[in-house]
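2 protein chains.
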Amino acid sequence: MNYADRLQSSIERCGNACLVGIDPHLELLPQEYADVRDPSRSRAERALRVGAFCREVIDVVGGKVAAIKPQSAFFEALGADGALAWERVVRDAHAAGLIVIGDVKRGDIATTAAAYATGFLEGTSAEDGPSLCDAVTLNPFLGSDSVEPFLDACERTQKGLYLLVRTSNKGSGDFQRHGSPELSHLVAEHVVRWGRRLVGSSGWSSVGAVVGATHGAELRDFRARMPRTPFLLPGYGAQGASARDVLGAFELSACGAPCGALVNSSRGITFAWRERAHAGKHWKDATRDALDTMITEIGAALTAAR
Amino acid sequence: MNYADRLQSSIERCGNACLVGIDPHLELLPQEYADVRDPSRSRAERALRVGAFCREVIDVVGGKVAAIKPQSAFFEALGADGALAWERVVRDAHAAGLIVIGDVKRGDIATTAAAYATGFLEGTSAEDGPSLCDAVTLNPFLGSDSVEPFLDACERTQKGLYLLVRTSNKGSGDFQRHGSPELSHLVAEHVVRWGRRLVGSSGWSSVGAVVGATHGAELRDFRARMPRTPFLLPGYGAQGASARDVLGAFELSACGAPCGALVNSSRGITFAWRERAHAGKHWKDATRDALDTMITEIGAALTAAR
């Protein structure tokens, strides 16, 4: 089953389009995981604890949302031990029925891109299967030939991609808005072209786009430029975007479920216990409550917009 | 000692500006390493063999060149076992006195970029030291705030960066030449600005630029746009660039040694045994001969250009 179809059917089953980002920032882990910050512990022990924290997050969010998005950097910070923790998290998420979007933002020349596609989507033998991602994020800066090996891999494996088009950070305009048409619009054109090879039975492509929810006003324009392209919207919550900001990215599916976009929140969910609104709660309760609030708010905004 | 100064003193000691790329592409490893392609072997065993191959390459090139550039993707293809092999390769290279430029091309929002900087340049405890890189390649697509955490890390650790400005691949023009001024020129401007914080006693910055040697005619222009910025030039050899193509990237140091650029060859060195010119040789002899030829050719072109 095509990635876009699989994702949409999972969104319909959960009834929401929320995506939980798993960014195990060592400094932000709750007190019961303080040992990850203890330099007297070995890196291997600390990475095991990071994996245990992520597994607890998965226990909380599994069944509530369609997908999670682990951020590779926070695992790579612990080197090869972190890489092992990453694979465990991907396996745990799959065991919990979650789709895994690996936030890896890779981008390289073709032969190298093919090796990254092997590492994250295809593996080198059957034993890799459960620890491979269902989709990954990619950086388009190197051009079409850097993306093609990933398209080939997706064709073989029924997996998906999300190309960075317009990122959520403050500096995203430095280069992404350069030129006329602005670079992000040119990338958007390419994303549509790349996606034609991977259209599912729903009509949606498995080649998606990352567009920051922080650029609310531009979302409708990006949606028009990239019809039938699934959006991944970072920037909700900790980065400042609200439920109303993301509306322009959505269409409605035949069954009325949200369609065409996933709204990501990372720190706002997993580190909700640090916020005043959740003061005094156990971190897992704060995570659950923050996710429930996000699901309710985005659901209400979508209903109101109908 | 500042990275740029350290690199230049190593180039002067070796008398050449050649950089050996370590891309252990599983399909291209010599027959005696055929077990890396054997799906009946565990991934851990195959990764150990990849590490052994890289160690043999390091034995051949150590002392001859200033630096190596391992390509992360070919290690990540073997997941967490590959990540372990990567760390061993970095440690082996350091033990052989080589500077290690990690070709990782990361780029992400600030908090995430900081985690990547931890993983590749700073580590989380003293045990990481020998397996950390001296410099890494970065993708600038996300803008200034995505680069700043790396600049901070370099300031703390005396390490270096190479920002992608104009890559060597065919599709590099898709986005890098977009706009007027073209995007790569705008990135070049930023590279110079970012580099001001990290200038060494030689006057060169530790913030470098990746400019494909395949764009020979543009190199002199990039050199003028980014004075005192060390260049990393991929594209020599297997990708088609010649010794004459790279001349525009160099300046001459006070002592007459090449200054300001490293010329990279990956497959052309480590997989030289596959080329007709080296038919019948053991792969290590082919690697040694191919590197000697590269050193001689670039040295001769530089001498002729004086």
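In order, the protein sequence lines correspond to chains A and B. Numbering follows my numbering, with no gaps: position 253 of the first sequence is 253. In my numbering, each residue's number is its place in the second sequence (first place is 1) plus 1000. Ideal Cβ placement from N, Cα and C applies to all residues, glycine included.
- Query: Along chain B, which residues have their Cβ under 7 Å away from the Cβ of K170 (chain A)?
  - Reply: D1145
- Task: May I ask you to list, following chain order, the residues of the segment 50 to 62 of chain A that have a beta carbon less than 9 Å from some beta carbon of chain B?
- Result: none
- Item | D1103 (chain B) - partner residues in DSSP beta bridges | B:Q1071
- Can you find a C-beta in chain A that's less than 9 Å from the C-beta of T1167 (chain B)? yes
- Reduced DSSP category for L262 (chain A) - H, G, I as helix; E, B as strand; rest coil: strand
- Message: Is the separation between the beta-carbon of Q1239 (chain B) and that of T1270 (chain B) shorter than 9 Å?
- Response: no
- Can you check DSSP and say which residues form a bridge with E1251 (chain B)? B:C1259
- Enumerated in chain order, which unbroken segments of the beta strand (DSSP E) with a length of 3 residues or greater are wholly contained in the segment 45 to 97 of chain A? Runs of the beta strand (DSSP E) spanning 3 or more residues and lying entirely within the segment 45 to 97 of chain A occur at 67 to 70, in chain order.
- Going by alpha carbons, who is nearest to T1112 (chain B) out of A:I22, A:L142, A:A249? For the set A:I22, A:L142, A:A249, the Cα lying nearest the Cα of T1112 (chain B) is the one of A:I22.
- Exposed unless 16 or more other CB atoms sit within 10 angstroms - verdict on T229 (chain A): Looking at its Cβ environment, which holds 16 or more other Cβ atoms inside 10 Å, T229 (chain A) is buried.
- Message: Suppose only complete runs of 4+ residues qualify. What are the alpha helix (DSSP H) ranges in the segment 1146 to 1194 of chain B, listed by chain order?
- Response: 1173 to 1176
- Three-state secondary structure assigned by DSSP to C1018 (chain B): strand
- What is the rounded straight-line gap between the Cα of S1202 (chain B) and the Cα of G1260 (chain B)? 11 Å
- Message: Whole angstroms are fine: how far does the CA of F1175 (chain B) sit from the CA of R46 (chain A)?
- Response: Answer to the nearest angstrom: the Cα atoms are 40 Å apart.
- Cα separation between W204 (chain A) and G1216 (chain B)? 42 Å
- Task: Assign D1092 (chain B) to one of two classes, buried (16 or more other C-beta atoms within 10 Å of its C-beta) or exposed (fewer than that).
- Result: buried
- Task: Count the other CB atoms, across all protein chains shown, that sit within 10 Å of the CB of M226 (chain A); report buried if there are 16 or more and exposed otherwise.
- Result: buried
- Message: Any beta carbon of chain B sitting closer than 9 Å to that of W313 (chain A)?
- Response: Residue 313 (chain A) is absent from the structure shown; chain A starts at 1 and stops at 306.
- Straight-line gap, A153 (chain A) to L19 (chain A) (C-alpha atoms, nearest Å): Spanning the alpha carbons of A153 (chain A) and L19 (chain A) requires a straight line of approximately 24 Å.
- Query: Around the Cβ of R223 (chain A), are there at least 16 other Cβ atoms within 10 angstroms (buried) or fewer (exposed)?
  - Reply: buried
- To the nearest angstrom, how far is it from the Cα of F74 (chain A) to the Cα of L26 (chain A)? 8 Å
- Is Q176 (chain A) close to chain B, meaning its C-beta is less than 9 Å from at least one C-beta of that chain? yes
- Query: Can you tell me whether H278 (chain A) is buried or exposed, with buried defined as 16 or more other CB within 10 angstroms of its CB?
  - Reply: buried
- Endpoints, the alpha helix (DSSP H) within which T1214 (chain B) is located: Taken as a continuous stretch (DSSP letters only), T1214 (chain B) belongs to no alpha helix (DSSP H), as it is neither H nor E.
- Message: What would DSSP say about A1209 (chain B), mapped onto helix, strand or coil?
- Response: strand
- Query: Which ranges does the beta strand (DSSP E) cover as unbroken runs of at least 3 residues, wholly within the segment 1107 to 1151 of chain B, from first to last along the chain?
  - Reply: 1135 to 1138
- Query: If you draw a straight line from the C-alpha of D245 (chain A) to the C-alpha of L1048 (chain B), how long is it?
  - Reply: 49 Å
- Message: Please confirm whether R1106 (chain B) has its beta-carbon closer than 9 Å to some beta-carbon of chain A.
- Response: yes
- If the cut is a Cβ gap below 7 Å, which residues of chain B does A299 (chain A) touch? The amino acid at residue 299 (chain A) is misidentified as Ala; the sequence shows Gly. By Cβ distance, chain B contributes nothing, its closest Cβ being about 27 Å from G299 (chain A), past 7 Å.
- Query: What residues from the segment 1177 to 1197 of chain B come within 8 Å of chain A, judged by C-beta to C-beta, listed N to C?
  - Reply: Residues passing the 8 Å Cβ filter: H1178, G1179, S1180, L1183, L1186, V1187, H1190.
- Item | Simplified DSSP assignment, three categories, for A1241 (chain B) | strand
- Query: Who are the Cβ neighbours of R1037 (chain B) in its own chain at under 6 Å, not counting the five residues just before and after it?
  - Reply: L1026
- Item | Residue range of the alpha helix (DSSP H) that includes L1233 (chain B) | Not the alpha helix (DSSP H): L1233 (chain B) falls in the beta strand (DSSP E), residues 1231 to 1233.
- Message: Count Cβ pairs between the segment 1183 to 1197 of chain B and the segment 144 to 160 of chain A that sit closer than 8 Å; are there 3 or more?
- Response: no
- Query: Excluding the five sequence neighbours on either side, which residues of its own chain have a C-beta within less than 6 Å of the C-beta of G1097 (chain B), listed in chain order?
  - Reply: No residues qualify anywhere along the chain.
- Task: Provide the residue(s) that pair with V199 (chain A) in DSSP beta bridges, ordered along the chain.
- Result: As computed with DSSP, V199 (chain A) is found in a beta bridge with A:S205.
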